[in-house]
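Student: In the numbering used here, the protein residues as written are 233 to 307.
C-beta atoms are modelled at their ideal positions from N, C-alpha and C, and glycine is treated no differently.
If you're wondering where the values come from, they're calculated on a predicted model, not measured in any experiment.
Next up is a structure, given as structure tokens.
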């Protein structure tokens, strides 16, 4: 994270090239990012999820639910 809690993020503009913009990182953003990273780490390391059978994995659903809850709390 850069000065005063700011970072650079890629912004998809919808048409044409995107842009790198300065964005403020809040506690809520950090919670969302941490939950997403936990889900992503599991999904890429778990043999069941990695093989495309995530619906059969008992761990991934609660991790995804935690990520979605963090997103809702950040609103």
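Just to confirm, is the Cβ distance from residue 239 to residue 257 under 7 Å?
Tutor: yes
Student: Report the rounded CA-to-CA distance for residue 253 versus residue 297, giving the unit in angstroms.
Tutor: 29 Å
Student: CA-CA distance, residue 307 and residue 276?
Tutor: 28 Å
Student: Can you have a look at residue 260 and say buried or exposed, based on whether 16 or more other CB atoms are within 10 angstroms of its CB?
Tutor: exposed
Student: Can you tell me whether residue 233 is buried or exposed, with buried defined as 16 or more other CB within 10 angstroms of its CB?
Tutor: Low per-residue confidence applies at residue 233: pLDDT is 48, beneath 50, and the placement is therefore not dependable, though the value from the model is reported in the following sentence. It is exposed - the Cβ of residue 233 has fewer than 16 other Cβ atoms within 10 Å.
Student: How about residue 237 and residue 243: do their beta carbons lie closer than 7 Å?
Tutor: no
Student: Taking the alpha helix (DSSP H) that residue 287 falls in, what are its first and last residues?
Tutor: Element bounds for residue 287: n/a, residue is neither H nor E.
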